[in-house]
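Please read the structure below before turning to the comments.
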Amino acid sequence: GAVVSQHPSWVICKSGTSVKIECRSLDFQATTMFWYRQFPKQSLMLMATSNEGSKATYEQGVEKDKFLINHASLTLSTLTVTSAHPEDSSFYICSAMRTGLAGEQYFGPGTRLTVT
Amino acid sequence: GDSVTQMEGPVTLSEEAFLTINCTYTATGYPSLFWYVQYPGEGLQLLLKATKADDKGSNKGFEATYRKETTSFHLEKGSVQVSDSAVYFCALSDYGGSQGNLIFGKGTKLSVKP
Chain H
1 GAVVSQHPSW
11 VICKSGTSVK
21 IECRSLDFQA
31 TTMFWYRQFP
41 KQSLMLMATS
51 NEGSKATYEQ
61 GVEKDKFLIN
71 HASLTLSTLT
81 VTSAHPEDSS
91 FYICSAMRTG
101 LAGEQYFGPG
111 TRLTVT
Chain G
1001 GDSVTQMEGP
1011 VTLSEEAFLT
1021 INCTYTATGY
1031 PSLFWYVQYP
1041 GEGLQLLLKA
1051 TKADDKGSNK
1061 GFEATYRKET
1071 TSFHLEKGSV
1081 QVSDSAVYFC
1091 ALSDYGGSQG
1101 NLIFGKGTKL
1111 SVKP
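Chains H and G are the protein sequences, given in the same order. Each residue of the first sequence is one higher than the one before, counting from 1 in the working numbering. Each residue of the second sequence is one higher than the one before, counting from 1001 in the working numbering.
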């Protein structure tokens, strides 16, 4: 149990377009989901914390108007990269925390975004 | 701010060799410490954790002890297998036992040869 999926697993888009990445908890409910970004040979950097039914909390330096997060249900959070540019190319990873069980985060497999 | 430093990889070992991956941390409070593992093509999985000083986390033959005096949480395994090949991440959280707001090290890639 405790599986988190991401879709798509990889995407290539043109500069200036928007891309939506989905994060789903498949067999549990997640009040809280996290979005991370990972550059090659770098740490996972927390971008934002997403709580179901409320606005996401963004980390310092992350543009909330560029990285739109929607957590509309207890099993789905989406990250939309708006007006993407080549510098947005990265590996985006989500995680989900079980509702009512403050503890373990379960991670998705990640989405590789390449902006040309 | 809080940070995690772990040894650079990649680490290449022969099967049954002893493994140590060093991890040190900087934190203002009393963090919980974690090791995550990422197998090829999969998401990060919690390998083990420790929530207070001198705690030892263990799982699948891996161990790590929370050393407050040296601010370290080194990962060890006595005899690695080919199936242990993966990327290992050390992480901390200042939210007690909860894993909110994890801060990760850069990851260490381990390759085990038969």
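Just so you know, even glycine gets a beta-carbon here, dropped at the ideal spot from N, CA and C.
Q) Is there contact here, the segment 1001 to 1008 of chain G with the segment 1099 to 1111 of chain G, by at least three beta-carbon pairs under 8 Å? A) yes
Q | H:His85 versus H:Thr114 - alpha carbon distance | A | Taking the first sequence and counting its residues from 1, one reaches residue 85 of chain H at position 85. Taking the first sequence and counting its residues from 1, one reaches residue 114 of chain H at position 114. Computed Cα separation, rounded: 9 Å.
Q) To the nearest angstrom, how far is it from the Cα of G:Val1004 to the Cα of H:Ser83? A) Counting from 1 along the second sequence, the entry for residue 1004 of chain G is found at position 4. Counting from 1 along the first sequence, the entry for residue 83 of chain H is found at position 83. Using only the alpha carbons, I get a separation of about 33 Å.
Q.
Under 8 Å, Cβ to Cβ, is there at least one residue of chain G near H:Gly61?
A. As a working note, residue 61 of chain H is residue 61 in the first sequence. No - not a single Cβ of chain G is within 8 Å of the one on H:Gly61.
Q. Using a beta-carbon distance cut-off of less than 7 Å, what residues from the segment 1059 to 1075 of chain G approach chain H?
A. none
Q | Of the listed residues H:Ala96, H:Pro109, H:Cys23, nearest to H:Thr80 (C-alpha basis) | A | Indexing the first sequence from 1 puts residue 80 of chain H at position 80. Shortest Cα-Cα distance from H:Thr80 to any of H:Ala96, H:Pro109, H:Cys23 involves H:Cys23.
(Q) Tell me whether G:Ser1072, by its Cβ, gets closer than 7 Å to a heavy atom of the ligand SAH. (A) With respect to small molecules bound, the structure shown includes none, and the ligand SAH cannot be examined in it.
Q) Taking just the CA atoms, how far does H:Cys94 sit from G:Lys1060? A) To locate residue 1060 of chain G, count along the second sequence from 1; it is residue 60. To locate residue 94 of chain H, count along the first sequence from 1; it is residue 94. Approximately 25 Å, taken between the alpha carbons.
Q: Return yes when the Cβ of H:Thr111 is within less than 8 Å of the Cβ of H:Val11, no when it is not.
A: One-based indexing of the first sequence puts residue 11 of chain H at position 11. One-based indexing of the first sequence puts residue 111 of chain H at position 111. Yes, they are a contact pair.
Q.
Below 7 Å on C-beta distance, what does G:Asn1052 contact in chain H?
A. Translated into the one-based positions of the second sequence, residue 1052 of chain G becomes position 52. The displayed chain sequence assigns Lys, not Asn, to residue 1052 of chain G. Within chain H, no residue comes near G:Lys1052; the closest Cβ sits about 15 Å away, beyond 7 Å.
Q.
So if DSSP puts H:Gln105 in a beta bridge, which residue, or which two residues, is it bridged to?
A. The count along the first sequence starts at 1 and reaches residue 105 of chain H at position 105. Its beta-bridge partners are H:Met97.
Q) Which residues in the same chain as H:Met97 place their Cβ atom closer than 8 Å to its Cβ, once the five residues preceding and following it in sequence are excluded? A) Looking up residue 97 of chain H in the first sequence gives position 97. Hits under 8 Å: Ala30, Thr31, Thr32, Met33, Phe34, Gly103, Glu104, Gln105, Tyr106.
Q: Measuring only between beta-carbons, confirm whether G:Gly1057 sits less than 8 Å from chain H.
A: Here residue 1057 of chain G refers to the residue found at position 57 of the second sequence. Taking CB atoms only, G:Gly1057 has no neighbour in chain H less than 8 Å away.
Q. What does DSSP give as the partner residues of G:Gly1057 in its beta bridges?
A. As a first step, residue 1057 of chain G is located in the second sequence; it is residue number 57 there, counting from the start. In the DSSP output, where bridge partners are listed per residue, G:Gly1057 has G:Ala1064.
Q. For H:Thr78 versus H:Lys14, is the C-beta spacing smaller than 8 Å?
A. The residue you call residue 78 of chain H lines up with position 78 of the first sequence. The residue you call residue 14 of chain H lines up with position 14 of the first sequence. Going by C-beta atoms, H:Thr78 is not nearer than 8 Å to H:Lys14.
Q: Please list the residues of the segment 1099 to 1111 of chain G that have a C-beta atom closer than 9 Å to any C-beta atom in chain H, keeping them in chain order.
A: Gln1099, Gly1100, Asn1101, Leu1102, Ile1103, Phe1104, Gly1105, Lys1106, Gly1107
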